[in-house]
Every structure is written in structure tokens, then in C-alpha cells.
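Chains as they are written, first to last, in the numbering used here: chain A, 224 to 397; chain B, 224 to 397; chain C, 224 to 397; chain D, 224 to 397.
Here a beta-carbon is modelled for each residue, glycine too, at the ideal position from N, C-alpha and C.
There are 4 protein chains.
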Amino acid sequence: MDYDDNWLEPDEIAQLRRRLPIAYVNAVPVQLGDSGAPERVGLLLRTMAEGTLGREIVGGRVRFHEPLRRALTRHCEKDLGPLALPLLPPSLTPFHVAEYFPTEGESKFFDPRQHAIALCYIVPVQGECTPRQDALSLDWLTPAEALRRETLSELSHGQQHIVKAALAHLGLLP
Amino acid sequence: MDYDDNWLEPDEIAQLRRRLPIAYVNAVPVQLGDSGAPERVGLLLRTMAEGTLGREIVGGRVRFHEPLRRALTRHCEKDLGPLALPLLPPSLTPFHVAEYFPTEGESKFFDPRQHAIALCYIVPVQGECTPRQDALSLDWLTPAEALRRETLSELSHGQQHIVKAALAHLGLLP
Amino acid sequence: MDYDDNWLEPDEIAQLRRRLPIAYVNAVPVQLGDSGAPERVGLLLRTMAEGTLGREIVGGRVRFHEPLRRALTRHCEKDLGPLALPLLPPSLTPFHVAEYFPTEGESKFFDPRQHAIALCYIVPVQGECTPRQDALSLDWLTPAEALRRETLSELSHGQQHIVKAALAHLGLLP
Amino acid sequence: MDYDDNWLEPDEIAQLRRRLPIAYVNAVPVQLGDSGAPERVGLLLRTMAEGTLGREIVGGRVRFHEPLRRALTRHCEKDLGPLALPLLPPSLTPFHVAEYFPTEGESKFFDPRQHAIALCYIVPVQGECTPRQDALSLDWLTPAEALRRETLSELSHGQQHIVKAALAHLGLLP
Chain A
224 MDYDDNWLEP DEIAQLRRRL PIAYVNAVPV QLGDSGAPER VGLLLRTMAE GTLGREIVGG
284 RVRFHEPLRR ALTRHCEKDL GPLALPLLPP SLTPFHVAEY FPTEGESKFF DPRQHAIALC
344 YIVPVQGECT PRQDALSLDW LTPAEALRRE TLSELSHGQQ HIVKAALAHL GLLP
Chain B
224 MDYDDNWLEP DEIAQLRRRL PIAYVNAVPV QLGDSGAPER VGLLLRTMAE GTLGREIVGG
284 RVRFHEPLRR ALTRHCEKDL GPLALPLLPP SLTPFHVAEY FPTEGESKFF DPRQHAIALC
344 YIVPVQGECT PRQDALSLDW LTPAEALRRE TLSELSHGQQ HIVKAALAHL GLLP
Chain C
224 MDYDDNWLEP DEIAQLRRRL PIAYVNAVPV QLGDSGAPER VGLLLRTMAE GTLGREIVGG
284 RVRFHEPLRR ALTRHCEKDL GPLALPLLPP SLTPFHVAEY FPTEGESKFF DPRQHAIALC
344 YIVPVQGECT PRQDALSLDW LTPAEALRRE TLSELSHGQQ HIVKAALAHL GLLP
Chain D
224 MDYDDNWLEP DEIAQLRRRL PIAYVNAVPV QLGDSGAPER VGLLLRTMAE GTLGREIVGG
284 RVRFHEPLRR ALTRHCEKDL GPLALPLLPP SLTPFHVAEY FPTEGESKFF DPRQHAIALC
344 YIVPVQGECT PRQDALSLDW LTPAEALRRE TLSELSHGQQ HIVKAALAHL GLLP
């Protein structure tokens, strides 16, 4: 039985986003140093829905009948390209959960399209990233660079809080 | 704005369960001893859909626009009664994630109705549990009792794996 | 067999601190709101070794043959008083590990006396705190107050990083 | 400043093991399948102190002034050989903590030599393992094989509980 054709039409999914919490995965790509310690985080630079430039972490929806590991693999490949060699975590227990609400102020995360519940993972990347689709680049930033007010303000939907939580979890928060 | 009336009709939700992964919370109730260490886990005895008796842990669907903490509170109250005084964890990072698929063998968790992604929590209970709805009782079992072959076989949907994972996380697996 | 008399003389322990990593527990006290969500963190105001005022979180050494849960209970009682009613986590898996080194710059944590490895926990407090020993007060701060530059600079040994990691873990980092 | 020469003489360390909890790291090696999901765990076969054969997971003491990551790297190399290519976790928050006591029955972990507090990690291994020192082999076992009564009984010091906790954390407990 093949569920890959379980596509939802754009207006069908748009409608569902107003009826149910949508299951998401989010991944913070990290680069490791020689000792294996994480040193940099990867942020996508992307043309946003409203036409402006903005930053994002990796992620997207989990499809019907799609295991979390496959969803995470698919979104890493979609956002980082086929040669990124992401190292998915052996356990699928997330380090954080982000709740995006369609109304502002309900939580730190806001997504006008939907209520989404995102399981957040840290994904070390060993290969070459070649962002695809509408992403212009993937930039590797030191913790200090990622936390500059300017960079944080470019992150949309409140994702700066996932970046901060990842850096805290990794012991990299200045 | 009140989202509590965002009810889905039974056949509408039945249909959605075939289109999207459904966000769930699962909670393993535990009783603490004098030192604060967990000693027993609580399992609901319930009349199952097919009319037989079966065991379950606490849980259910997250509604549209409902925060995880509120969903967890609501399901604890629904399953344990209003006097259970559950101690929700300060962080909403789950200790485990269970993926229920509508086809057997895809994972350890099977739910013929749906693909559900359940964030799993351990919830110490301080008060009196008075199971409601279709639950007949809540039984507090020692780890050894919970892991008896007979008890495990009464758990449905693969939830014995959540009980085992909880006991392992708590250092209580024999 | 009673290990409570397994005291180490002050100069003996001072010497050991130069020979071996010392096992520590650290606890960040939190106050919960009505919904059970954490709202404030507790910081001790204390006269430091050098005579100045400084802030600290709860914690201390694990003794020989002392279980982690008992060490955590003992230090909570020592620092918060006997009526604090701390809710120790059901699992002893820490949310963070802090490595204090006796040389500056080796990590974010610095303790001139010793190399210490501290398992860090979040401990909701339900009762009244009456700091004892050399602690002058325990102050409950909102996340914004705890993260004020002035407050952070009063924390010693790098413990501001444990406070930040706790707030990130709780989803409270602004 | 080089702390690698901070060796303790055998009888000095034997004495310290009776005075203080000793900081340890433990690692459960895992082999990943094509999808990145863990499939097998590695157990060392070793001649034990008492001359019999027994099984162990990777691990050992953290030295004075040694960061946890370096201790974990050192013990992986010591136990798995220089070509194992272990993938240390990006975060040093352990998935479990094991408390070994020198008296039986105090916890699930027993080590007649010492009170040790071991931070436990899961370490995917990508290369070739060539056990060194007194280890005879490293055997890769499926979860079912690792949990056979015979295999579990070969694990010493209660380490079967770390193996079970690792399998539970990975969602691999049958």
C-alpha cells in the first residue's frame, strides 16, 4: 500500500489547517567541530510568502501514514539538498516542542495559517548543503552571530525561540 | 475568542483521521512514595470499542487551538476525575513519542481508526482518582505487576510500550 | 550501615577537589501558576566566600553512598528551608549537565575550588521558602527579571547559564 | 597546562572510591540501518576481574579536569578501537543516569569497588570496532538477542538496566 500519493489538494489542506492541529517536524542543522562538539547552526535564507526575505529552520508537515523519521529525512533533503548527509538522532524524542497558534500572543510561536505542533530536533550535518526550492542560501552562524538582534528579527513565526532553545540544550547560549 | 466550541462532528473527525496525522497526548499516571520516588503506575480498566475489557493509559486528542498543557489537563480530568490533583510536568518536552499507525506492523503502535502522533508524559498524581465515562477503575500497579504478561496483554494499541518506556525512564524496569 | 557519618574533614575535601571531579546536583526552583505552567524562578541571595553579595541556585555535593534523590532533597531543604515542599522530578535524568572547571575559559562554568560535574534539575516549589544558613533571601523572579543584565551578573560560577538553560527548557526564554 | 598526567596511583584511586562518588560515563554503542534508525546494540565480551567471562557496555571514569566529551571520546576509543568512528551526541545531556553503589540492593546498579554516578549516552558507531585491552570481542545484537535472559545475565554491575533503558529510549524494547 502506497501512501505517498496521499496528497491533499492545496485548498483542502488550507481548510484542514483551520480544523485540527497539524503535526510538524522542525530541525536545527548544526555543524560539528573536530571534537564532535557543535559549533555553528544553519539558518535558511528564504523568500517569504509576503515577498520579503526571511530566515527559517528546516521543517514541514508530517504526512498521513508517514513515520516521523521519514518526515524528518524528507524535510532535511528538501531544505538542505541531497548531499547534506544529515545525522538524524537515534531517538525520536524531541529536545523541544513548539506550539504555533494562528492567533498572536497565545504562545511564542505564531503562524497565521494554522495551529501546528512541531517536534524539534537537532541535526548535525556532515555534507554539503545546497538549498533547494525557494531557499536562497543556508548560512552557518556561530552562536553569537545567530543571536544578533538583526538575525533573530529575520526569523519568522517565532522560530528564534527554537534556535535559542537548541543553543541552550547544546550548552552554547552565551 | 472561544475555541472550545470548535467541535468536529463524529463523521467529520472520522474522515479527518484518514487524511492527516492526529495530534495526541498520552499520560502515564504515577504514585510517588514518601521520598518522592515513583512507586506505582496507574492503568485504566475500560470497556473497549469491541465490548471486551481492556487497559489504557490516560490520553486523547489535542483540539484545534488548544495548548498542550490544557489538553493534558483536560484528559487527566476526563480519565482520572476532578480530584486527582495531577502534577503536570513543568516542561512540555515529552519523555517519549508514540506513533500509532492504522496498519499493523508499521510501528509498535496500532490504531485502526487513525494515524496519531502522541506526546507521552509522566504525571504524578496526588489526589483521589475517580475514573469517569466508560472507565471502570484505575488500578495502581507496582512495576512487576504492570509488566506481568497478563496485564501487558490487556493494554491495547501497543500502549504496553509506553508503560515500559515510562518505567525505563523512571529507572523502575526490573 | 550508616553512611551519614561519612563526613570528610574540610582540608581533606579541599584536597580531593583537586584530584577528582566532584559530583554535584543543582536545582532551579520554579513557581507554578494556576494552570501548572512555570512562571517564576527562585534565586538565592547569599553572602559569597569573598564577602560580597551574590546570587546562586540551589545545590551542593553528593556524598559518598548518597542517592541522587536524597542529595537533591537535602540541598533543597538546606537552601529553601523545611517548609518549601519541593516537587522533585519523578525521573532523575537531568535536563542539563554543568561542568565547572577550576581554570577559567575551559567551559562556561568556573569554580576556583574544584572540577565539579553538576546534574541540573528543575524543582517546582509549592510551600514557603525560608532560606537558611548564609542565604539572606530567596527571590522569585519573572523570566524577564531573571535575565536582566544586572541579575545575571550577580550569579556566580557561570550559573546564569543554568538559569538560561532552564528557562529555555521551560519555553520561557524571551 | 596538561592534566593528562593527573594520574592517580592504583591504591590512591582505590581509596578515593571509598570516600566520594566517582564520576563516570557509560555509552551504549548502536548500529544504524539505512534509514538512520538504530537496529543493533554493541556489547563487549570481556574477561572480568574474577576471571570469568562477562559482558559490558563502554565506559569509565572521568578524570580530573577532563571534559565529559573528551572522557566519552577516550573511553569509546579505548573500548572500540581507533577506527570505530563513534558519533557522540551533540548535547551532553544524558538519556539516563546510573547510580552504582558498593552495597547490593541500594539501587539496580552494584559495584563492590565504589559509589559511581554514570551519565549514560547512546553512541552510533559508523566504523570498524576492534576492541582493545582485555575485551575479547564486541558483538552486535538485535534488541531481541540483547534481551535474552542468557545475555542479560552476562552483563555485570546491573548494566542490563542501562541496555534496557537505551532500548526503551530508542523505541526498540519488544
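Burial state of residue i (16 or more Cβ within 10 Å)
{"i": "Q356/C", "result": "exposed"}
{"i": "T270/C", "result": "exposed"}
{"i": "R286/A", "result": "buried"}
{"i": "R371/B", "result": "exposed"}
{"i": "G282/D", "result": "buried"}
{"i": "E377/B", "result": "buried"}
{"i": "A237/C", "result": "exposed"}
{"i": "D227/A", "result": "The predicted position of D227/A is uncertain, since its pLDDT is 45 and thus under 50; a value taken from the coordinates is nonetheless stated next. When all chains shown are included, D227/A counts as exposed."}
{"i": "G394/A", "result": "buried"}
{"i": "R284/D", "result": "buried"}
{"i": "T326/D", "result": "exposed"}
{"i": "A272/C", "result": "exposed"}
{"i": "P290/B", "result": "buried"}
{"i": "A399/D", "result": "With chain D running from 224 to 397 in the structure shown, residue 399/D is simply not present."}
Under the three-state DSSP convention, the category residue i falls into
{"i": "C352/C", "result": "coil"}
{"i": "R242/D", "result": "coil"}
{"i": "L396/D", "result": "coil"}
{"i": "D227/C", "result": "Low per-residue confidence applies at D227/C: pLDDT is 45, beneath 50, and the placement is therefore not dependable, though the value from the model is reported in the following sentence. In the structure shown, D227/C sits in coil (DSSP, three-state: anything other than H, G, I, E or B)."}
{"i": "E329/B", "result": "coil"}
{"i": "S379/B", "result": "coil"}
{"i": "A388/A", "result": "helix"}
{"i": "D357/C", "result": "coil"}
{"i": "L362/C", "result": "Before going further, note that residue 362/C is Asp rather than Leu in the sequence given. Correct three-state label for D362/C: strand."}
{"i": "P233/C", "result": "helix"}
Selected residue, minimal CA-CA separation from residue i, among the options
{"i": "H220/D", "options": "A367/C, A369/C, E368/C and Q337/C", "result": "As displayed, chain D neither begins before 224 nor continues past 397, which places residue 220/D out of reach and without an answer."}
{"i": "C365/D", "options": "P397/D, L359/D, V348/D and Q349/D", "result": "One detail in the question is off: residue 365/D reads as Thr in this sequence, not Cys. Nearest option by C-alpha distance: P397/D."}
{"i": "T359/C", "options": "G265/C, R372/C and G256/C", "result": "Thr is not the amino acid found at residue 359/C; the sequence shown has Leu there. Cα-wise, what sits closest to L359/C is G265/C."}
{"i": "D257/D", "options": "T316/A, P309/A, A237/A and P317/A", "result": "P309/A"}
{"i": "L189/D", "options": "A389/D, P261/D and G277/D", "result": "No answer is possible for residue 189/D: it lies beyond the span of chain D, which begins at 224 and ends at 397."}
{"i": "S314/B", "options": "E322/B, E368/B and R292/B", "result": "R292/B"}
{"i": "A250/D", "options": "L393/D, H392/D and I385/D", "result": "I385/D"}
{"i": "Q349/B", "options": "P335/B, E262/B and H392/B", "result": "E262/B"}
{"i": "A307/A", "options": "Y323/A, I345/A, P252/A and A294/A", "result": "P252/A"}
{"i": "V346/D", "options": "L255/D, D362/D, E273/D and G274/D", "result": "L255/D"}
{"i": "L295/B", "options": "L311/B, P305/B and I280/B", "result": "L311/B"}
{"i": "Q383/A", "options": "R242/A, E351/A, F333/A and R241/A", "result": "F333/A"}
{"i": "Y344/A", "options": "L390/A, F324/A and E273/A", "result": "L390/A"}
{"i": "E351/B", "options": "A388/B, F318/B and P305/B", "result": "P305/B"}
{"i": "H319/A", "options": "E232/C, A388/C, R241/C and R242/C", "result": "A388/C"}
{"i": "F324/C", "options": "D362/C, R240/C and P233/C", "result": "R240/C"}
{"i": "E322/C", "options": "L361/C, R242/C, E235/C and G381/C", "result": "G381/C"}
{"i": "H392/C", "options": "D362/C, P335/C, E279/C and P317/C", "result": "P317/C"}
{"i": "G259/A", "options": "R297/D, S330/D and P335/D", "result": "R297/D"}
{"i": "W363/A", "options": "E329/A, E279/A, S330/A and G328/A", "result": "E279/A"}
Query raised in the report: Touch check for the segment 228–246 of chain B and the segment 335–349 of chain B: three-plus C-beta pairs under 8 Å?
Result: yes
**Report entry** Stretch-stretch touch, CB-based, cutoff 8 Å, three pairs: the segment 298–316 of chain C with the segment 348–355 of chain C
**Finding:** yes
Requested in this report: Write down every uninterrupted run of the beta strand (DSSP E) in the segment 247–274 of chain A whose length is 3 residues or greater and which is fully enclosed by it, in chain order.
Outcome: 261–270
Query raised in the report: Hey, which unbroken runs of the alpha helix (DSSP H) at 4 residues or more fall wholly within the segment 269–313 of chain C?
Result: 291–303
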